[in-house]
Every structure is written in C-alpha cells, then in structure tokens.
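Report on one structure; see the data block that follows.
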Amino acid sequence: MKILLRTLLIVPLALAAAQAVAADYTIKFSHVVTPHTPKGQAADLFAKLVDERTNGRVKVEVFPNSQLYNDNKVLEAMRLSGSKTTGIMAAPSLSKFVKFSKTLQTFDLPYLFNDVNDVHKLVDSPLMSRLTTGLDKKGLRALTVWDNGMKVFSIKADKPLKNVPADFNGMKFRIQSSNIAASMIKNLGGTPQKLPFKEVYTALGQGVVDGQENAWSNVYSKKFFEVQDYISVSNHSYLGYLVVVSDEFWSNLPTDIRNTVTAALQEATQANRKYAAAADSGDRQKIESDKYAKVVDMTTAERAAWRKATAPVWAEFRDEIGGELIDDVNKLLGR
Ligand code: LMR
Numbered sequence: 090m091k092i093l094l095r096t097l098l099i100v101p102l103a104l105a106a107a108q109a110v111a112a113d114y115t116i117k118f119s120h121v122v123t124p125h126t127p128k129g130q131a132a133d134l135f136a137k138l139v140d141e142r143t144n145g146r147v148k149v150e151v152f153p154n155s156q157l158y159n160d161n162k163v164l165e166a167m168r169l170s171g172s173k174t175t176g177i178m179a180a181p182s183l184s185k186f187v188k189f190s191k192t193l194q195t196f197d198l199p200y201l202f203n204d205v206n207d208v209h210k211l212v213d214s215p216l217m218s219r220l221t222t223g224l225d226k227k228g229l230r231a232l233t234v235w236d237n238g239m240k241v242f243s244i245k246a247d248k249p250l251k252n253v254p255a256d257f258n259g260m261k262f263r264i265q266s267s268n269i270a271a272s273m274i275k276n277l278g279g280t281p282q283k284l285p286f287k288e289v290y291t292a293l294g295q296g297v298v299d300g301q302e303n304a305w306s307n308v309y310s311k312k313f314f315e316v317q318d319y320i321s322v323s324n325h326s327y328l329g330y331l332v333v334v335s336d337e338f339w340s341n342l343p344t345d346i347r348n349t350v351t352a353a354l355q356e357a358t359q360a361n362r363k364y365a366a367a368a369d370s371g372d373r374q375k376i377e378s379d380k381y382a383k384v385v386d387m388t389t390a391e392r393a394a395w396r397k398a399t400a401p402v403w404a405e406f407r408d409e410i411g412g413e414l415i416d417d418v419n420k421l422l423g424r
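Converting from the sequence shown to our numbering requires adding 89 to each position, the first position being numbered 1.
Okay, here's the thing in structure tokens:
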C-alpha cells in the first residue's frame, strides 16, 4: 500500500518536472567539422545562448563531425523537413550552395578578397541580401555568415606548389562541390575532384588525390597536414559558412522566440569572428611547429602569376552570377 501511494505521488511529480523542462522547439544543428573549430565553437555558443535566453523553450542540439548529415545531405533534409517544431539548421560552406544559388558563387571567385576584412565588408553590406536572394523559395532561410578563413593549398609532392601551371600539372586536388573551384584548379593546371569533407583525410592519405585547398583550421583539426608535404600560403579564396535553417520551421516560430534566437545568432557571429581570427594564426603556428608539412610563403610575383592564371574563371562565370552584381561587389571592395 505504502509503495503504491509513493508511486502515485512520485509519478505525477516526475511528469510535471519533465514537462517543465521539455522544450517547445528543437533545433538540430548539423556540421562537419570538430567542436574546436571556429564553426564548432560558434555552434556550441549559439546552443548555450538559446537555452539560457529562451529558458529552455528552445533546445539546440549540435551534431559535429558529419555525425548527422554531410553538407549536401543536410540541405536536402532541411528543404524536405515539414516540421514546425523541430528545425534543421546547418552552416555549410558558401561553396556548397551551388545547386540552390548562382549568385552565392561570387564568394568563390579567386582573389576577390584580400583578407577576411574584405569579406566582412561584403557580408555586412546590403549586397548580402542580393547574394542570398531566392534561397527562401528553395526552402532555405539564410541567417548569417560565419568565418573560417582564407584558404591555402597543400600537396603531397617533392616540391611545394609555386609555379603555375608546372607545379599543378598531373596533380589531382580535392575540392568542395563548387564549379568555380573546379574551373580554378583547371586554370592553375591541375585536375579537380569533388569529395565530401569527411572523405578528404583518407583520400589524401591513400593518394586518391594529391592535394587540397582549405583554411588553416581544417588543415589542422582534420590532420590533413600529417599526410601532406607542403602548404603554400596562397590565400587565394575564402572559406566561410552560410548559416541556414528550414524556411518552413523558421517562418512558423512565434515572433518573440524568433527574435531571441536571432539575437543569440548575432552574438555567436561576433564570437565566431574572434574564434576564426585566433584559429587562423594559432593553427598555422601549430602546423609549423610540428614535423609534418612544411609551410611555404609565396612571393608577390608568384601570387600575381596565380591571379593571372585564374582570371579566366571570372569571365567564365560572369553571366551565370550576374555581371552587374559582380561589378557592385568590386566597387564595394574598392577594386
Ligand atoms: C570543406 O568541405 O572543405 C569545408 O567546407 C568543410 C567545412 O565545413 O569547413
């Protein structure tokens, strides 16, 4: 009898406690890098801020290292998800939106940006809404841009990548799903191969590809530098992320919740810029002080030769992206 009474008391209490903490909305945040990268850190901070500021009404579950989806799959899942209470959010690199946006390809144009300050000029400008235009019609709501950093080229070879096209000839390079990156590699003299991020380390290690282009943080955190001989500090383009969520989920959130989540995201964006700046120099230093790939700076002449070699990419994609948009971006950046 005593046991029955206790059970009768405990069960409703436990249920009430569970109800008090049960979230009204869940956001599954999927990404492909490690938690200690600029994207991973920003995603974790975002989750914490949302939890605090909504008093647990919204729960953000972060899935790093392609645990839930790779970047191409997550975009499809996001578009197809009809749930109004569970949203899928992700931050695929800007290069991975090629199926959904021609204008976003602007970010991949070689040598468009001298550094991330140039990127911030563009991202923080009204031009950004022209670059993301039309994504909502494809079921994707663009929310903010997160940094990783400028890209460098790594290679397994007996000499570093310096002279174009000679050093690229006969070499295969892993690229993201970007047609501009594919054209850029061909113009530099190499052969591009599109591969998902989670396959890169093995592809480099097994010689499926000879090299790849990425930001320092990815070269370090995924240990690419351990299976490469040289890294050329080319800074030829930018690796950054568009944070997106299912449009259906986002549009149906109550306004107060949406505003709170937006504010948390803005704070995470500011923090991400700091994480990225720290990783950019910190991860380069860690690679330099280790025994694996040798880091090679490039001279002004070498950089000019690479820029010249990749100039045809701009002409090839001008109409597809939109000539007027490219001109406006150039004007904004003072070119
Ligand atoms: C890549 O595929 O190389 C990057 O987009 C991975 C990432 O998310 O940084």
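Glycine included, each C-beta is placed from N, C-alpha and C at the ideal position. The model shown is predicted, which means the values in this text are computed figures rather than measured ones.
Contact test: Gln265 Cβ vs ligand 1 heavy atom, cutoff 7 Å: yes
Coil, strand or helix - Gln130 by DSSP: helix
Pick from Phe202, Tyr319, Gln295 and Glu288 that is closest to Arg424, judged by C-alpha positions: Phe202
Per-residue DSSP class, three states only, for Leu157: coil
Nearest-angstrom Cβ-Cβ length linking Trp235 and Lys137, presumed shorter than 8 Å: So it is not a contact: roughly 16 Å between Cβ atoms.
Asn303: first and last residue of the uninterrupted alpha helix (DSSP H) it sits in: Run containing Asn303: none in the alpha helix (DSSP H); it sits in the beta strand (DSSP E), Gly300 to Ala304.
Whether Thr115 touches Lys162 by CB criterion (8 Å): no
Buried versus exposed call for Ala400 [16 or more other C-beta atoms within 10 Å across all chains shown]: exposed
Whole-Å CB distance - Thr233 paired with Leu354, under 8 Å assumed: 6 Å
Local Cβ density within 10 Å of Gln301, reported as buried at 16 or more and exposed below that: buried
Cα-Cα separation, Gly238 to Ala357: 16 Å
Chain-order list of residues whose beta-carbon lies under 6 Å from that of Met273 (same chain, five-residue window excluded): Pro199, Thr399 and Val402
Check: Leu328 C-beta below 7 Å from any heavy atom of ligand 1: yes
One or two residues paired with Pro36 in a DSSP bridge: Given that the chain is displayed from residue 90 to residue 424, the structure contains no residue 36 and the question cannot be resolved.
For Gly412, the three-state DSSP class (helix, strand or coil): helix
heavy atom of ligand 1 below 7 Å from Ser370 C-beta: no
Reference Gln194; option with closest CA among Lys420, Leu422 and Leu414: Leu414
Three-way DSSP call (helix, strand, coil) for Phe135 in this model: helix
Bridge partners - Arg263, DSSP secondary structure assignment: Gln282 and Gln301
Beta-ladder partner(s) of Glu315, from DSSP: DSSP output for Glu315 lists no bridge partner at all.
Nearest residue (CA-CA) to Asp336, options Arg230, Gly145, Thr174 and Ser326: Arg230
Cα-Cα separation, Gln295 to Glu288: 11 Å
Alpha carbon of Gly329 to alpha carbon of Asp417, nearest angstrom: 20 Å
Beta carbon of Lys240 nearer than 8 Å to that of His325: yes
Ser182: CB within 7 Å of a non-hydrogen atom of ligand 1: yes
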